[in-house]
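Input: a single structure, listed below in structure tokens.
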Amino acid sequence: MIAAQILPTPVGPLALLSREGTLVAAGFTADPTEMFVRLTPALQAEGLEVGADLGAASEAVRAYLDGDLAALDAVPVSQPGTPTRRRLHEALREVKPGTTVSYAELAERAGLPRTAARAAGSACSQNLIASFVPCHRVLPSGGGYGGYYYGVPVKEWLLAHESGQIINAL
-12 MIAAQILPTP VGPLALLSRE GTLVAAGFTA DPTEMFVRLT PALQAEGLEV
38 GADLGAASEA VRAYLDGDLA ALDAVPVSQP GTPTRRRLHE ALREVKPGTT
88 VSYAELAERA GLPRTAARAA GSACSQNLIA SFVPCHRVLP SGGGYGGYYY
138 GVPVKEWLLA HESGQIINAL
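Residue numbering for the sequence shown follows the working numbering, starting at -12 and increasing by one per position.
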């Protein structure tokens, strides 16, 4: 069974989906089924139970919002993908709060210097575990914020929070 919990954040509800203590999805939505339908058919076959207390994952979100920006790093995550996509997601988890990288730099950090920035962008757009796999820390090399699955205002808020421009998030 996939367990889901919805947590309030300053930029809207955050749905967390977990399987046996490992996050399989997280997204800024009040409807966890929006995330559930993006899971693999095998995980969807397990069903969804909304309202569970996810313990460590929800505690990590609260700590992050309270200013412990590294709190999300300790939460185990798992999502499908090719070996290249998994390397890019691992590299994303190593981008520290308060810093950003370009798509090309992300590919380089993943040990994939020949991978086009497009592949890094694709890995970000297919990321099922927002904030825990921090694709919001990737910016286009040409400037601006680029896109974000949950909207640029959410991305802007996350970056401002991590750079210390927002105090006492909740």
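Ideal Cβ positions, reconstructed from N, Cα and C, are used throughout, including at glycine.
Here the structure is a predicted model, which is why all the values come from computation and not from measurement.
To the nearest angstrom, report how far apart residue i and residue j are at their CA atoms.
i, j, result
"residue 156", "residue 15", "Residue confidence is low: residue 156 scores 48 on pLDDT, short of 50, so the model does not pin down where it sits. Its coordinate-derived value is still stated next. Answer to the nearest angstrom: the Cα atoms are 15 angstroms apart."
"residue -9", "residue 37", "5 angstroms"
"residue 47", "residue 5", "14 angstroms"
"residue 26", "residue -7", "17 angstroms"
"residue 75", "residue 43", "25 angstroms"
"residue 99", "residue -2", "33 angstroms"
"residue 73", "residue 7", "20 angstroms"
"residue 40", "residue 53", "19 angstroms"
"residue 138", "residue 84", "19 angstroms"
"residue 70", "residue 97", "11 angstroms"
"residue 143", "residue 121", "13 angstroms"
"residue 86", "residue 51", "15 angstroms"
"residue 35", "residue 13", "14 angstroms"
"residue 45", "residue 146", "20 angstroms"
"residue 109", "residue 90", "10 angstroms"
"residue 49", "residue 141", "17 angstroms"
"residue 80", "residue 24", "24 angstroms"
"residue 95", "residue 101", "8 angstroms"
Contact defined as beta carbons within less than 8 angstroms: I believe residue i pairs with residue j. What is the distance between those atoms, to the nearest angstrom?
i, j, result
"residue 21", "residue -11", "About 13 angstroms; that fails the 8 angstroms criterion."
"residue 150", "residue 59", "Not a contact, Cβ separation roughly 16 angstroms."
"residue 123", "residue 135", "6 angstroms"
"residue 31", "residue 68", "Incorrect: roughly 17 angstroms between the Cβ atoms, too far for contact."
One question on the structure: do residue i and residue j come within less than 7 angstroms of each other, judged by their Cβ atoms?
i, j, result
"residue 88", "residue 111", "no"
"residue 17", "residue 0", "yes"
"residue 10", "residue 82", "no"
"residue 19", "residue 2", "yes"
"residue 152", "residue 116", "no"
"residue 93", "residue 78", "yes"
Quick one: is the Cβ of residue i within less than 6 angstroms of any heavy atom of the ligand NAD?
i, result
"residue 95", "The model depicted lacks the ligand NAD and carries no ligand whatsoever."
Validate contact between the stretch 130 to 140 and the stretch 96 to 105 using beta carbons, cut 8 angstroms, 3 pairs: Not touching, per the Cβ criterion.
Completely contained alpha helix (DSSP H) runs for the stretch 0 to 54, where each covers 4 or more residues: 20 to 23, 28 to 31, 43 to 52
Alpha helix (DSSP H) runs contained entirely in the stretch 98 to 147, provided each spans 4 or more residues: For the stretch 98 to 147, whole alpha helix (DSSP H) runs of length 4 or above, ordered along the chain, are 104 to 112.
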